[in-house]
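Have a look at the structure below, then the notes.
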Amino acid sequence: MLLEVDGVAKTYATGDGPVAVLRAASLALDAGQSLALTGESGSGKSTLLHLVAGLDRPDAGRIRVAGREVGSLDDAGRARLRRETVGLIFQQFNLIPALDVAANLAFQARIAGRHDRGWCDALAGRLGLGPLLRRWPEELSGGQQQRVAIGRALAARPRLILADEPTGSLDEATGEAVLDLLLGLVSETGTALLMVTHSLRLAGRLGGRVHLAGGRLQPC
Amino acid sequence: MLRAGLAALAGHWRRHPLQLAMALAGLALATALWTGVQAINVEARSSYARAAALLAQDRLARLVPLVGARLDEADFVALRRAGWLVAPVIEGWMPAGAARLRLVGIDPLTAPPGALALPAGEAGGLAGFITPPGRFLADAATAPAAAAHLPGPVAAAEGVAPGVVVGDVGIVQGLLDAEGQLSRLLLWPEQPAGLPAWQAVAPGLRLETPAAAGDLARLTDSFHLNLTAFGLFAYVVGLFIVHAAVGLAFEQRRATFRTLRALGMPVATLVALSLAELLAMALAAGLAGVALGYLLAGALLPDVAATLRGLYGAAVAGGLALRAEWWAAGLAMAVAGTLVAAAAGLVRLARLPVLSAARPRAWARASARLIGGQAAAGAGLLALALGAGALPGLPAAFAAVAALLLGAALVLPGVLAAALAAVAPTARGPVAGWFLADTRLQLPGLSLALMALMLALAANIGVGTMVSSFRLAFTAWLDQRLVSELYVTARDDAEAAEVREWLAPQVDAVLPIWSVEGPLAGLPGEIYGVADHATYRDHWPLIAAMQGAWDRVAAGRAVMASEQLARRAGLAPGDALVLPGGVRVEVAGVYADYGNPVGQVLLAADRLAELYPQVERRRWAVRVAPAKAAELAAGLAERFGLEEGAVVDRAAVKALSLGLFERTFAVTAALNVLTLGVAGVALLASLVTLAGMRLPQLAPVWALGLTRARLARLELARALMLAALVFAAALPLGLALAWLLLARVNVEAFGWRLPMHLFPADWGVLLAMALAAAGLAAAGPARRLARLRPAELLGVFANER
Ligand SMILES: Nc1ncnc2c1ncn2[C@@H]1O[C@H](COP(=O)(O)OP(=O)(O)OP(=O)(O)O)[C@@H](O)[C@H]1O
Ligand SMILES: [Mg+2]
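Listed in order, the protein sequences are those of chains X and E.
Letter by letter, the first sequence follows residues 28 to 247 of this note's numbering.
Letter by letter, the second sequence follows residues 735 to 1535 of this note's numbering.
In structure tokens form, the structure reads like this:
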């Protein structure tokens, strides 16, 4: 298994007491597979993705990515996991304001030491970013920023793609094209894809679907 | 609505207490340095004014001796007999334990109307004042100490300058061993008609107008101007802090402002609320600042007073009076500073559109464009500094300094951006590339703090170079000039002659140190008598001289002029100078005479005695083998029963002069360190406030695979790199400043020019200090970043848009 999530729990401390977001979430995903993650707004989908990416630690349970126990990795180990194994597409894009579009696109591949110019250019073309490469992040529309964020995650050829509503800001046709790109990678390169979406139609195109409710995952 | 609005705005400060503390501390420091310096100036000026106003001397013309310090009482009697309404004054120093007292003797019977107010209702009144042992007047601080050394009681009186004791002229003559002598005669403003010309009655006198008599204020003006410039400089540096803190608070509250507007609060109300908030901050910080300034002034005043006394003989009270004006002026400066520092933010607030997405990054990039415009304006100012530096006059010199500093500050961000852009292509690896690009993006937010740091560093280099150059020149000059082994002062001319006779067979030479005071080229001056001796020919520090200059002086036809006199009167070797009494002599050479505000000439001693027979002949310089000096001094003291201080050796004179020198610059050094401290706080303020804004920029890089620890190290490295770059910019600026201070300001203010020396070791220390300041300022935010909980970084992703 490329990804194993086993009984993961996460509680946030907030102004009015602790909020248990995840209680006992479990799932498994192998290379070359794709899985849709659905759930109400605020149910904890982004939280789960962040835990898998090693951005934060679970309070209980185990997460294994590519054979490594994420919870037992130290700071440097988790940073390395994010750099080299995982491609995370954020719900809020999170482009680097100091860098232009081209540099943003190539950034993760570069720090992972896997920069491939041809692949970057191909991604830019398929995502329709060609004319925008010299612009600055704040000069882009929401959908354009989202496409840069997608390209950035894919440029490093990660083994696990974690996509948090990657089509949320895109029109239907562009959304379909982006999903084609992601699924193409899954079938061609054996990448695994875990994708959050609110659209049942898009979820239907993936290999499987799990639903997050009450802090637990139910397959459907 | 108002209360809710205010609560929404104030909530920001509650969540960012450090930012609030920075703004308040910056404002308080700026106000403190400004009011502290002003307090010192006001206190000193009021002392001068009291000294000048004593007996209305600041308003009345007076008759003074043509040369020398004393006139004969017979002249006074002759003028009174001829019908002139004149009042006699005698002034002099009287030893009082380790210190000395300035005694002023007046005649209450002939004093001009309204010029003197004896304390009313005094027991004994007028009769007690003029009949021995007499009664004396002094200010409240001087009176108790003076009483022990005076024969009669001392009453505290308002209006008498500190360190001065006023008594009856006859009694003071006795105390000063000056029977029958007077310092000057004050002329009543209204004189009877048909008087004979005073020149006919008393030919040995000359008329001095009150303007020329205000010497003290004029001489000390340049000193106070320097202090004021320093105070203003520190104030401006302090405002950088306020601007940084308040400006960022505006940026961070953008969303709040917009929401308040969207909920229906008029823009005018919002601006008014912000103004009210700023005023409250200004008043709180202003009060603290004035109190702090008072403490600062109290700590520095003794040094300043010692400096003024040593350099100019001006007595300044050592204590401070808490004046209402300060509170008002200090608060006004705090409020004005706050409004200036917050003006940009207020304008932005007034123009903030209700809709349109918040774009803090766009703001940063727009500011980056602004940097170019700023640099152009700065370049213009630098050109202006070049022009002003070439013009004569103290105001032009100060204008050049101001334009240089301001211009360089404006150019700095542009220079830094250019430097970063230049190295960017050489950056290897994506992290280095991002680091440089991100640093450029930080420049607008940091530029004010960096400017403040550069100005403080440049001021340190400039003033440090000046003081060190001065110290070097001064000690070398002292060594040259103080060649005689012993200096002897006898009690009177007769004893001096005996001393000379006793010394002559035992030593190499006994050289006269005789002098008279008198106007030179229309300004107060001194004429010194010198013997024809190798002591002068070989050692005297000449700046310019004619061929055979010392021979001409020895022949009595020529004089050596001090640099101050030569500069003021535009004299060069070969020019003619008129001595008091109308004798024309040639200027044979010009010599350095550091630290002396009064112009001076050297004349052959015989000629001096011939021209001015009344000259006191009490002092000798003795040349003797150094090994024999101590023994000789002891012998002198024993043989003639000379008092302590009447025989001093070279080392003692040198130590005295150097001590005075060090105290002169103690104030400068203290202000220098304070300014650097303020700049450090400015940098800390900017980094701390920026740290909050930084998270959205750092979080994505962290999420893509850089550890928090690495990011923190990069943040620290950025601060150090910027500090090093700023230091590199400050070095040439500081040297330019030093040149202006040495070659322009000093010449205009004091009348002497110093050679400039470089002190690279000091620069090393300063660089280390700059790096330490930047490192310390960046350490806190970097530590916080390294320890940030992932949830907080993730919160950025949720909150940012
Ligand atoms: N840093 C945080 N601190 C406190 N609570 C948080 C934090 N991040 C998320 N939460 C809370 O955790 C819950 C789950 O948030 P999460 O972002 O995972 O939801 P989501 O399923 O991704 O929602 P959406 O579909 O709206 O994106 C929410 O109730 C949210 O308020
Ligand atoms: Mg989400």
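Don't be surprised by glycine CBs; every beta carbon is placed ideally from N, CA and C.
Values in this document were obtained by computation on a predicted structure and should not be read as measured data.
Per the CB criterion, closer than 7 Å to any heavy atom of ligand 2, the qualifying residues run in chain order as Lys72/X, Ser73/X, Gln118/X, Asp191/X, Glu192/X, Val223/X. Tyr1270/E: member of the alpha helix (DSSP H) spanning 1268-1273, first to last residue. Assigned with DSSP and collapsed to three states, Pro866/E falls in coil, not helix or strand. Judged by DSSP in its simplified three-state form, His225/X adopts coil rather than helix or strand. For Gly1529/E, the Cβ falls inside the 6 Å cut-off from some heavy atom of ligand 1. Within the model, the alpha-carbon separation for Gln172/X versus Thr1173/E is close to 23 Å. Neighbours of Gln1431/E in chain X, taken as residues whose beta carbon is under 8 Å from its own, are Ile123, Pro124, Ala125 in chain order. Using a Cβ-Cβ cut-off of 7 Å, Pro1159/E does not count as an interface residue toward chain X, since no Cβ of chain X sits closer than that to its own. Distances from the alpha-carbon of Ala1339/E to those of Leu1245/E, Arg1487/E, Leu1370/E put Leu1245/E closest. For His238/X, the enclosing beta strand (DSSP E) covers residues 236-240.
In this structure, DSSP gives Tyr1328/E a state outside helix and strand, which the three-state scheme calls coil. Burial check for Val1287/E: the Cβ neighbour count within 10 Å reaches 16 or more, so the residue is buried.
Taking 6 Å as the cut-off, one finds no heavy atom of ligand 1 near enough to the beta carbon of Thr1072/E. Asp83/X sits away from Pro1000/E, with the two beta carbons spaced by 7 Å or more. By the CB criterion at 7 Å, Leu1410/E and Ala1078/E fall outside the cutoff. CA-CA distance, Gln1176/E to Leu206/X, rounds to 37 Å.
Residues of chain X with a Cβ closer than 8 Å to the Cβ of Thr990/E do not exist, since the nearest Cβ in that chain sits about 18 Å away.
With a cutoff of 7 Å on beta-carbon distance, Ala1122/E and Met1185/E are scored as not near each other.
If the five residues before and after Arg1442/E are omitted, its C-beta is found closer than 7 Å to the C-beta atoms of Trp1436, Leu1519, Ala1520, Leu1522, all from its own chain and listed in chain order. Going by DSSP, Ile1195/E is part of the alpha helix (DSSP H) stretching over 1164-1215. For Ile1261/E, the enclosing beta strand (DSSP E) starts and ends at 1257-1264. Taking the C-beta atoms as reference points, Leu919/E is found no nearer than 7 Å to Leu800/E. Counting only runs that start and end inside the segment 72-126 of chain X, the alpha helix (DSSP H) elements of at least 4 residues fall at 72-79, 102-111.
In chain E, no part has a C-beta under 7 Å from the C-beta of Gln171/X; the shortest such distance is about 14 Å. Two segments are said to touch when three or more pairs of C-beta atoms, one from each, lie closer than 8 Å; by this definition the segment 219-234 of chain X touches the segment 48-67 of chain X. Between ligand 1 and Gly241/X, a heavy atom-to-CB distance of less than 6 Å is absent. With a cutoff of 6 Å, Gly231/X does not count as near ligand 1, since its C-beta is closer than that to no heavy atom of the ligand. Here the distance from the Cβ of Val48/X to the nearest heavy atom of ligand 1 is below 6 Å. Runs of the beta strand (DSSP E) spanning 3 or more residues and lying entirely within the segment 1342-1410 of chain E occur at 1353-1357, 1381-1383, in chain order.
DSSP, read as helix, strand or coil, puts Pro930/E in coil.
DSSP places Gln171/X inside the alpha helix (DSSP H), whose first and last residues are 169-182. Residues of chain X whose Cβ lies closer than 7 Å to the Cβ of Gly745/E do not exist; the shortest such Cβ separation is about 14 Å. Annotation: the continuous alpha helix (DSSP H) that includes Ile138/X extends over 128-138. Using a cutoff of 6 Å, the CB of Ser226/X does not count as near ligand 1, since none of the ligand's heavy atoms is closer than that.
Placement of the Cβ of Thr194/X at a distance of 6 Å or more from every heavy atom of ligand 1 is found. Taking non-hydrogen atoms of ligand 1 into account, the C-beta of Gly44/X is found less than 6 Å away from none of them.
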